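Each protein sequence line maps, in turn, to chains A and B.
Residue 1 is where the first sequence starts when you use my numbering, and the numbers rise one by one after that.
Residue 1001 is where the second sequence starts when you use my numbering, and the numbers rise one by one after that.
Shown next, in structure tokens, is the structure this report addresses.
Protein chains: 2
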Amino acid sequence: MTDRIPSISESEWEVMTVLWHGAPKTANEVILSLQECTDWKPKTIRTLLDRLVQKNVVGVNKNQRIYTFFPLYSQDECQQAEAQSFIKRIYGGTVKSMLVQFIQEDSLSDEEINELRTILAKKQKKDE
Amino acid sequence: MTDRIPSISESEWEVMTVLWHGAPKTANEVILSLQECTDWKPKTIRTLLDRLVQKNVVGVNKNQRIYTFFPLYSQDECQQAEAQSFIKRIYGGTVKSMLVQFIQEDSLSDEEINELRTILAKKQKKDE
DNA sequence: AATACAATACTACATTTGTAGTCATCATTT
DNA sequence: AAATGATGACTACAAATGTAGTATTGTATT
């Protein structure tokens, strides 16, 4: 289903985040938003936007003189695609080995662990 | 502690995998190993090895005429570093949100879910 | 209408990555 | 010793990425 999502570079991802947070947005809005957390020049951001459009990850509405941009894939879709390829690259494709590592490290609070347990329990029940 | 691990590209990662699987190895051994699963030319693999050495991710023993190569970081360290930056990039830094997504998708078998539950349970007991 | 401003379009350039090739050298085989 | 073959050193080149700059053009202002 999810047609092959083109790869999104690190900087481009930040632009996507802004658009996922609310779209459509004008280039200027994106620029303002990103200048709060990065020190990229406006032109840089504009270039990133253009590249995302070329890659067909972002759409443009050119009806007005000032274009507006919007994501063509949901954040969820993109996260899953990235995660998929990441896991394949780094963990040889097995999701579990990664999860185990994360659980073993102290990246999770007690509460989070609890939540995860609950989710896992539910998941298991529902699946059968 | 873990000094900043340089970033390892996708192809380079495959070379690392071979070295983690057993080192030291000569370039030739690495090449043979990789030719089973890729169609890279020997020179390509050699270049990747050299770049890893430059990046200080792989060490070389030049005592013999034919060098041997070995990883300077454990697979675990590198996985954690990559995962860290990946999660920051894609999930805004929260480990849990990613785990939840993975659990929700059907990436896990029943058995795996069980294992995870066990691990979580143990983890929680031990922590307090 | 002329000018200034802002948005878009196009161009630029260094670095990293993927993917090798050529040249020099040392060891081994005639 | 000369030729051959394997290693290592250095070079190459296109695509992707990070990071902009210049040129053009439509809109708003005087």
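Glycine is no exception: its CB is placed at the ideal position from the N, C-alpha and C atoms.
Just so you know, these numbers come straight off a predicted model, no measurement behind them.
Under a three-way DSSP split, which group does Thr-1038(B) fall into? Here Thr-1038(B) sits in coil by DSSP.
For the region 86-108 of chain A, which residues have a beta carbon sitting closer than 8 angstroms to at least one beta carbon of chain B? Within the region 86-108 of chain A, the residues whose Cβ lies closer than 8 angstroms to any Cβ of chain B are, in chain order, Phe-86, Arg-89, Ile-90, Tyr-91, Gly-92, Val-95, Lys-96, Met-98, Leu-99, Val-100, Gln-101, Phe-102, Ile-103, Gln-104, Glu-105, Ser-107 and Leu-108.
In whole angstroms, give me the CA-to-CA distance for Asp-106(A) and Val-1015(B). Cα atoms of Asp-106(A) and Val-1015(B): separation of roughly 29 angstroms, rounded to the nearest angstrom.
Spell out a yes or no on whether the region 37-48 of chain A and the region 85-102 of chain A are touching, meaning 3 or more CB-CB pairs, one atom from each, closer than 8 angstroms. Result no; under three Cβ-Cβ pairs closer than 8 angstroms.
Is the shortest distance between the beta-carbon of Leu-1116(B) and the beta-carbons of chain A less than 9 angstroms? Any Cβ of chain A closer than 9 angstroms to the Cβ of Leu-1116(B) would place that residue at the interface, and such an atom is present.
Just the Cα atoms here: how many angstroms apart are Gln-1035(B) and Glu-111(A)? The straight-line gap from Cα to Cα measures roughly 46 angstroms.
Inter-residue spacing [alpha-carbon to alpha-carbon] between Ser-1097(B) and Gln-1064(B): Linking Ser-1097(B) to Gln-1064(B) through their CA atoms gives a straight-line distance of about 50 angstroms.
Given that Trp-1013(B) touches chain A, what residues does it touch there, using C-beta distances under 9 angstroms? Below the 9 angstroms Cβ cutoff, chain A contributes Arg-89 and Ile-90 as neighbours of Trp-1013(B), in chain order.
Under 7 angstroms by beta carbon: chain B residues contacting Glu-112(A): Residues of chain B passing the Cβ test: Lys-1096.
Tell me the DSSP bridge mates of Lys-25(A)? Answer is Phe-69(A).
For Asn-114(A), the three-state DSSP class (helix, strand or coil): The DSSP-derived three-state label of Asn-114(A) is helix.
Strictly below 7 angstroms CB to CB, what residues from chain B border Lys-123(A)? Correct list: Ile-1103 and Ile-1113.
Short CB-CB distance (under 9 angstroms) between Leu-120(A) and chain B: Chain B, which has a Cβ nearer than 9 angstroms to the Cβ of Leu-120(A), makes this yes.
Three-state class that DSSP yields for Val-1053(B) in the structure shown: Correct three-state label for Val-1053(B): helix.
Can you give me the Cβ contacts of Gln-75(A) inside the same chain, cut-off strictly under 8 angstroms, excluding the 5 residues immediately before and after it? If we look at Gln-75(A) and ignore the five residues flanking it on each side, its Cβ neighbours are Met-16, Thr-17 and Trp-20.
By Cβ distance below 7 angstroms, which residues in the same chain neighbour Gly-1093(B) in space, the five residues on each side in sequence not counted? If you ignore the 5 residues before and after Gly-1093(B), its C-beta comes within less than 7 angstroms of the C-beta of Ile-1087, all in its own chain and listed in chain order.
Taking CB distances under 9 angstroms as the criterion, tell me whether Ala-1083(B) reaches chain A. For Ala-1083(B), a Cβ of chain A is located within less than 9 angstroms of the residue's own Cβ.
For Thr-1026(B), which residues in the same chain have their Cβ closer than 8 angstroms to its Cβ, ignoring the five residues on either side in sequence? Ile-1066, Tyr-1067, Thr-1068 and Phe-1069.
Of all the options Lys-125(A), Pro-6(A), Tyr-73(A) and Ser-33(A), which has the alpha carbon lying nearest to the alpha carbon of Lys-55(A)? Measuring from the Cα of Lys-55(A), the nearest candidate turns out to be Pro-6(A).
Mind listing the chain B neighbours of Asp-127(A)? Cutoff is C-beta to C-beta under 9 angstroms, in chain order. By Cβ distance, chain B contributes Asp-1106, Asp-1110 and Ile-1113.
Among the candidates Ile-90(A), Leu-72(A), Val-95(A) and Lys-122(A), whose CA atom is the shortest distance from the CA of Glu-1082(B)? Of Ile-90(A), Leu-72(A), Val-95(A) and Lys-122(A), the smallest CA-CA separation from Glu-1082(B) is found for Ile-90(A).
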